[in-house]
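1295 is the number that our numbering gives to position 85 of the sequence shown; each next residue is one higher, with no gaps.
C-beta atoms are modelled at their ideal positions from N, C-alpha and C, and glycine is treated no differently.
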Amino acid sequence: MDSRKAFFKNLDLSQVKAGQRLFGAFNNLCTILKQPTLQFTPTQVNDEAAFILELHEFLKSHKLKLDLKQLTDKIKNFKEIKVEDKQKETKSHSEIHKKLQTNFLNNQKIVGESTEIDKVFSRAAEVPDPSTIRTPSTLKTASKMLQSFFDKHKETMKEPNEKFEMDENYLYLQTRLRACRYDFQVQKIVDKTLAKILLINVQAAILAKDRKEFFTVIDECTKICQQQEVGNIQKLRFFKVAWHMGEGSIDISGITADDTEILQLIKKVVNNETPDLSNYDRYQKTLCKRIKLPF
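Below, the structure written as structure tokens:
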């Protein structure tokens, strides 16, 4: 039994989230102590003080000299580093977003005039010309066209080949989805049509295994779909967690006790058990098949 499986052995679903955080601290401690093979099985993890006491007794039983204060500091310091990293990441994202806004969105009111349905994305370096930006009704028509195209080709949409070349139908779709997102962004429009565009974007990126595109849109898609009551929000959160797990990590930010499907998946994977795919949709199955066991 490996250290991860031993750690989660006695934890139930309600303890997985807290357990994942404390397992990271325990794993970090093992690295510091140069004891990578230690296998610790806590009885509960929701009470951090009790967890530290239990871990302290465990270390003493293995003749590892670390007093209670040192142990507490190391557990808490590990947490503080994680929080600091998250704050840096958030700040960096905010700064980038602010720079993008400063370009033309803050003080400009763009009203689209174009009625051309098909449009390919091209990066703008100046204030967009309204005659090139589509009206809301045109964007709605474009979204229906793109949904129809996706429905027609999604069954044959492939992951990148050995030369890392993307599926042609996916690339056709991706450039047009980006163009739609851009036209919505410059007009500051948030509606159900945008939510549907983002949802197609996420689903297509999963099938084509386009990591960059997926993580560009998944958070915005989840937020706007929730606001506009479009799609299944828990499935969108599932997609993000499952993608991370396919890369060998677990991101539980934003997960709640109501996300039972996600918690069950995490429980299965950390115990190196194959998830039951019978009740999953195609996108969930695609992501779960990329998770390599042992985790």
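With a threshold of 16 other CB atoms inside 10 Å of the CB of residue i, please say whether the residue is buried or exposed.
i: G1229; result: buried
i: T1312; result: Its pLDDT being 49, under 50, T1312 is placed unreliably by the model, and nothing is read from it.
i: M1367; result: buried
i: T1347; result: In the sequence as presented, Thr is not what sits at residue 1347; that position holds Ser. Per the 10 Å Cβ criterion, exposed.
i: R1333; result: exposed
i: K1422; result: exposed
i: K1450; result: buried
i: P1485; result: buried
i: A1235; result: buried
i: Q1280; result: exposed
i: D1257; result: exposed
i: Q1437; result: exposed
i: V1337; result: exposed
i: F1374; result: exposed
i: G1441; result: buried
i: L1310; result: For L1310, the pLDDT reaches just 49, beneath the cut-off of 50, and the residue's location in the model is therefore unreliable, although a value from the coordinates is still provided. Under this definition L1310 is an exposed residue.
For chain D, is any of its Cβ atoms less than 7 Å away from the one on residue i?
i: L1503; result: Any reference to chain D falls outside this structure, which holds one protein chain only.
Is the CB-CB distance between residue i and residue j below 7 Å?
i: I1327; j: Q1397; result: no
i: I1410; j: F1360; result: yes
i: L1243; j: L1274; result: yes
i: S1324; j: T1403; result: no
i: V1255; j: L1473; result: no
i: T1385; j: F1331; result: yes
i: F1218; j: V1400; result: no
i: W1453; j: L1497; result: yes
i: L1349; j: D1393; result: yes
i: T1251; j: N1220; result: yes
i: A1414; j: L1381; result: no
Could you tell me which of the options sits nearest to residue i, measuring between CA atoms?
i: G1456; options: P1246, A1259 and F1505; result: F1505
i: Q1445; options: K1495, K1477 and K1419; result: It should be pointed out that residue 1445 corresponds to Lys in this sequence rather than to Gln. When only C-alpha atoms are compared, the closest one is K1495.
i: G1322; options: K1329, L1221, A1467 and D1339; result: D1339
i: R1500; options: D1401, K1286 and K1419; result: K1419
i: A1260; options: I1285, D1461 and E1369; result: I1285
i: R1388; options: E1372, K1373 and K1406; result: K1406
i: I1428; options: C1435, V1412 and I1465; result: V1412
i: I1262; options: T1251, Q1249 and L1278; result: L1278
i: G1458; options: N1482, E1430, I1443 and K1364; result: N1482
i: C1435; options: I1460, T1282, H1266 and L1408; result: L1408
Continuous alpha helix (DSSP H) assignments of at least 4 residues falling wholly in the stretch 1412–1441: 1421–1438
Cβ pair count under 8 Å reaching 3, the stretch 1479–1493 against the stretch 1238–1258: no
Start-end ranges of the alpha helix (DSSP H) lying completely within the stretch 1216–1251, minimum 4 residues: 1226–1242
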